[in-house]
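Note that the sequence shown covers residues -17 to -1, 1 to 873 in mature numbering (1 follows the signal peptide of the UniProt record, and there is no 0).
Note sheet for the following structure.
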Amino acid sequence: MRKLFVLFVLVPIFVEALNPSLNDDVLGLIVFKSDVQDPYGKLTSWNEEDDSPCNWNGIKCNPRSNRVSEVVLDGFGLSGRISRGLLRLQFLRKLSLAKNKLTGSISVSLAQLAYLRFLDLSENNLSGNIPGDYFQQCGPLRSISLAKNKISGQIPESLSSCVTLASLNLSSNQFLGLVPSGIWSLNGLRSLDLSDNMLDGELPVGIEGLSNLRAINLGRNHFKGEIPDGIGGCLLLKSIDLSENSLTGELPSTMQKLSLCNEFILRGNAFVGIVPEWIGEMKSLEILDFSENKFSGNIPTSIGKLESLKVLNMSHNAISGSLPESLSSCVKLLALDVSHNSLAGTIPKTVEQLKSLGILDLSENRLYGAVPAEIGGTTSLVELRLEKNALTGEVPSSIGNCSSLESLSLSHNGLTGPIPEALAKLTYLQNIDLSFNKLTGTLPKQLGDLGHLSSFNISHNQLQGELPSNGFFNTISPYSVSANPSLCGAAVNRSCSTVMPKPIVLNPNSTDSTPSIVPQSIRHEKKILSISSLIAIGAAAVIFVGVIAITVLNIHVRSTKSRSAAAALTFSGGDDFSRSPSTDANSGKLVMFSGDPDFSTGAHALLNKDCELGRGGFGAVYRTVLGDGHPVAIKKLTVSSLVKSQEDFEREVRKLGKVGHHNLVTLEGYYWTPSLQLLIYEFVAGGNLYKHLHEGSGGCFLSWNERFNIILGTAKSLAHLHQMNVIHYNLKSSNILIDSSGKPKVSDYGLARLLPLLDRYVLSSKIQSALGYMAPEFACKTVKITDKCDVYGFGVLVLEVVTGKRPVEYMEDDVVVLCDMVRGALEEGRVEDCIDARLQGKFPADEAIPVMKLGLICTSQVPSNRPDMAEVVNILELIRCPSDGQDELV
């Protein structure tokens, strides 16, 4: 209280005593400045020695009276509280303090300024309740925005006194309770936004009193009841958003009078009944979203009257019938989503008339028949989803004409025939899912040339032949190609049969000296063959028998090893710190660092491809559950020929077992035989960082807070490893797992210690398999490999997390290296443009930009220029803003 007294009372008196000629505007602004922190020096031009503030940054004056009329300090980075000094600005008409870090409650009654017309305090960290009489003397206020703060309590009843109000935005706060009844009578209101709060109650019957309303957004609250008939009286309405509430009932027919409405969003409520035929009378509609309700019946044919429609979403309802042919009249349609309904019938062939269509989602319905070839006419298509229907016939090759396509899902249907080669023409394709069909034939080799491909699933089909071995298919998950018995290649762990050339048979009837193939009919007629023919046939037979014998022998040996490992895991056990289990050629040695769990229910995982989680440079990882219900991840090493002796192996594994940290995946035990080594880790269920960054679906992406915490947690884990004299060597986003609480856990650390020599070829080809993370010193035999290699990989990871881009991006005719791209942007002063666009401005620039700069420092070409990981942790903790305002970025 003493501090407040000094700021609000003594400071103005002291300043005025120093300069008695100081006018009210200068004094009020200097007092305001004294209550805020100005980290970027935006207010340095505010000098109390000046006679007038009219030339100060952010200040505008009335040229006639020379008094302050506007204070606009948007995005200045100011923190602190709003000072009473602003009340001295008696002629102020506009006050905007948006996009700062101001805190405290709204206790200074700025609304009492007699000439104030525009008040914007949005996007700050303001909190607490608004006093009930705050707006009692709101004068000529026309616009109020308090959006994106943490203001709580009820909306003050005094807002009803602001009879001149045209715009009111209280969205994204913590208001609760009922909306004051007087607000529904402010007939001057043109825009009302109360979304993203905790308001409840029913919409008023007299809502037609808002006769001048152009836009109303009540989304993401707890409103209930039905939409009142009176809403049809708001004839000027252009935008209606009532999404994600608990509204119910049928739509009032009066709404068809809203012919100017271009946005109608009712997503996520409990509306019932049919989608009314009169919807076609709202002819200005551009966005129609009725998704996630309980609508039933058919899609009305009148939908074809909506010639301006760009987005139609009726997904997640109980709509039946067939898709109306009239949809082809909506030629401006950009997105059509009617998924998760009970639609039947065939896909209309007139879909090709929708030339602008970018998203077509008909998934999870009861559609049947073929995928029409006309689908290739939708050349703007970016996403096509037809999964989980009853479609039959072949995948039309005309899809190859959809040159913008990025995502294609036709899974869980009854499609037959081959995968068309034309898909290889779709250079922007990122995701393909053709799983759970009846596709046959071989996989087009050209698919390996798709440079943007990140997900490809053809599991549970009848495909055959060799998988492509280039591009994305080098690292494809075995799950994505499983349940195709005749597929072969590395990903399915099945060798392709060697195709021997047909033996050359000399045609004795030929006068030409050139060997020729004798037709089968002629060979049957000939009883005597030439000596060279017999030799060729004999040699081929011997080779063929040899190949068969070796293949059978290899299969037998592999299956024997797997069965031995499984049996060993079933019957072996032990605690390294209490007793050592016996080792023999049949059972091997199993050691758990804590406890003695029963592996009898987990051994099958080694033989079960369905339990495989993925493969890396060191081997495959499987998920299994121990007898006590404890899930674990088992890494089956595939570098047995390089692994140290048993004694050295066990010594190194025990060291890794003692490297405990809450941001490291715990090593719980190991299994050893001379030919098979297993590492047993804790199971982390949240998937890896790579998938969260690059394979997230829909709106599921990492917020800034989540990204920063992942970076900081990873840094702490590496600092801990280095303190324990362990180098990771293999840091990349796919080796960082995210647990159920969002905490990062680094895996695959220190595995290079299991090798007898730190061979650079092995490190670069096996461990550092992800291009882009490898420190440049790996290419130089004379430079010592140190923990600074991890620092380099961490720097690349930081840039990947902040930008959302892969370390190396392969464009159509170029290769973009992430470090070089960000460094170039920094030099050109546009580093903020590199931040992941999905964050949509919801990040603090004063954190994101320093973090990116830190990432660039860590990727210095000279190892000695890179900081230690302990220093990196300290820097990150200094970058982390101390204010409470980060919650809004989650």
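The C-beta atom is built at its ideal place from N, Cα and C for all residues, glycine as well.
DSSP state of residue i mapped onto helix, strand, coil
i, result
"residue 717", "helix"
"residue 821", "helix"
"residue 120", "coil"
"residue 857", "helix"
"residue 331", "coil"
"residue 862", "helix"
"residue 735", "helix"
"residue 431", "helix"
"residue 456", "helix"
"residue 816", "helix"
"residue 43", "strand"
"residue 359", "helix"
"residue 248", "strand"
"residue 239", "helix"
"residue 288", "helix"
6 Å CB neighbourhood of residue i in its chain, flanking five on each side removed
i, result
"residue 440", "416, 418, 463"
"residue 685", "675"
"residue 372", "348, 350, 396"
"residue -8", "With a pLDDT of 44 at residue -8, under the threshold of 50, the modelled position of that residue is not reliable, and no figure is offered here."
"residue 444", "420, 422, 467"
"residue 57", "79, 81, 82"
"residue 175", "151, 199"
"residue 55", "41, 79"
Beta-bridge partners of residue i, as assigned by DSSP
i, result
"residue 205", "183"
"residue 403", "BP columns for residue 403 are empty, so no partner."
"residue 231", "253"
"residue 470", "448"
"residue 616", "606, 664"
"residue 150", "126, 174"
"residue 877", "This structure cannot speak to residue 877, because the chain is shown only from -17 to 873."
"residue 62", "20, 84"
"residue 110", "133"
Bounding residues of the beta strand (DSSP E) (the contiguous stretch that carries residue i)
i, result
"residue 414", "414 to 416"
"residue 650", "650 to 656"
"residue 103", "101 to 103"
"residue 174", "174 to 176"
"residue 575", "572 to 575"
"residue 385", "Here residue 385 belongs to no beta strand (DSSP E), and DSSP marks it neither H nor E."
"residue 777", "No beta strand (DSSP E) contains residue 777, which is instead part of the alpha helix (DSSP H) from 771 to 786."
"residue 343", "342 to 344"
"residue 221", "Taken as a continuous stretch (DSSP letters only), residue 221 belongs to no beta strand (DSSP E), as it is neither H nor E."
"residue 367", "366 to 368"
"residue 728", "727 to 729"
"residue 133", "133 to 136"
"residue 95", "Per DSSP, residue 95 belongs to no beta strand (DSSP E) and is neither H nor E."
"residue 792", "791 to 793"
Limits of the alpha helix (DSSP H) - the one that residue i falls within
i, result
"residue 699", "687 to 706"
"residue 633", "629 to 640"
"residue 804", "801 to 810"
"residue 296", "Run containing residue 296: none in the alpha helix (DSSP H); it sits in the beta strand (DSSP E), 294 to 296."
"residue 831", "828 to 841"
"residue 597", "Where residue 597 is concerned, there is no enclosing alpha helix (DSSP H), although the beta strand (DSSP E) it sits in stretches over 595 to 598."
"residue 16", "7 to 17"
"residue 676", "672 to 677"
Any non-hydrogen atom of the ligand ATP closer than 7 Å to residue i Cβ
i, result
"residue 573", "The model on display carries no ligand, and the ligand ATP is accordingly not part of it."
Same chain, Cβ closer than 8 Å to residue i, five either side skipped, listed in chain order
i, result
"residue 85", "19, 61, 62, 63, 64, 65, 104, 107, 108, 109"
"residue 709", "638, 639, 642, 732, 733, 736"
"residue 706", "853"
Proximal residues to residue i (C-beta, below 7 Å), its chain only, five neighbours per side dropped
i, result
"residue 411", "387, 388, 389, 435"
"residue 842", "775, 778, 779, 802"
"residue 196", "172, 173, 175, 217, 219, 220"
"residue 363", "338, 339, 340, 341, 387"
Residue-level contact to chain B via CB, residue i, 8 Å cutoff
i, result
"residue 465", "Absent from the structure: chain B. Only one protein chain is present."
Q) With contact counted as at least three CB pairs below 8 Å, one residue from each stretch, are the region 717 to 735 and the region 695 to 708 in contact? A) yes
(Q) Under 8 Å: do the region 371 to 386 and the region 398 to 406 share three or more Cβ pairs, one atom per stretch? (A) yes
Q: Flag this pair as touching only if the region 32 to 44 and the region 86 to 105 have three or more C-beta atom pairs under 8 Å; answer yes or no.
A: no
Q. Would you call the region 336 to 346 and the region 307 to 319 in contact, with 3 or more CB pairs under 8 Å?
A. yes
Q | the region 647 to 659 touching the region 787 to 805, judged by at least three CB pairs closer than 8 Å | A | no
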